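Presented below is the structure to which this report refers.
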Amino acid sequence: MKKVTKIQPKQNLPESRVKENLESIAMIRSDSINDLEVLTSDFKHMSLVVESVQRNYRALLAQNQLLKDTLLGVVENCECWQGNRCDRCLEILNILGGKNIELKPNAAKKYKTLLTQLRKLG
Numbered sequence: 000m001k002k003v004t005k006i007q008p009k010q011n012l013p014e015s016r017v018k019e020n021l022e023s024i025a026m027i028r029s030d031s032i033n034d035l036e037v038l039t040s041d042f043k044h045m046s047l048v049v050e051s052v053q054r055n056y057r058a059l060l061a062q063n064q065l066l067k068d069t070l071l072g073v074v075e076n077c078e079c080w081q082g083n084r085c086d087r088c089l090e091i092l093n094i095l096g097g098k099n100i101e102l103k104p105n106a107a108k109k110y111k112t113l114l115t116q117l118r119k120l121g
C-alpha cells in the first residue's frame, strides 16, 4: 500500500488570505451592528433626557411668568400711582426691568454668546 502524506497548505496562498479577509469582514460587520444598536440606545436615552429638560424648562418659564405677573399685580394694586411709586413698588419694577444692582447687566449677552458658540460646535 502506498503511504499518503498530507501536505500542509502554505499560509500565503490566495485561498487562505481570502478566507481570513472574509472572516475579518464578518467580524467587522458584526461589531458594526452591535455599535449601531448601542448608539441607537444612547440616542433614545438622550432624546428622553432632552424631552425631560424641555418639560422642566417650560414649567420653569411658566412659574417665572406667574411670579412676574404676581409682582406686577402687587404694584398695580398698591395705593401708590404711576410716576410716584413707593419704595417697595420701585424695587419690584427695577428688579423686573433688570435694573437690579446685584444682577449683572450683561448676563443675557454672555448667555447669547455662549449659546452661539455651542451652536457652532454642533
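So the sequence shown is numbered by numbering that gives the first Met the number 0: it starts at 0 and just counts up by one. Even for Gly, the Cβ is constructed at its ideal location relative to N, Cα and C. Treat the numbers as computed from the prediction; the structure is a model and nothing was measured.
Sequence-distant residues of the same chain with beta carbon closer than 6 angstroms to residue i, five excluded per side
{"i": "C77", "result": "C88"}
{"i": "S40", "result": "none"}
{"i": "P13", "result": "none"}
{"i": "C85", "result": "C79"}
Coil, strand or helix - residue i by DSSP
{"i": "N20", "result": "helix"}
{"i": "S15", "result": "helix"}
{"i": "N105", "result": "coil"}
Neighbourhood of residue i by C-beta, 7 angstroms cutoff - its chain only, sequence neighbours within 5 removed
{"i": "L120", "result": "none"}
- request: Decide yes or no for the touch test of the stretch 57–77 against the stretch 90–97: beta carbon pairs closer than 8 angstroms, at least 3 of them.
  value: yes
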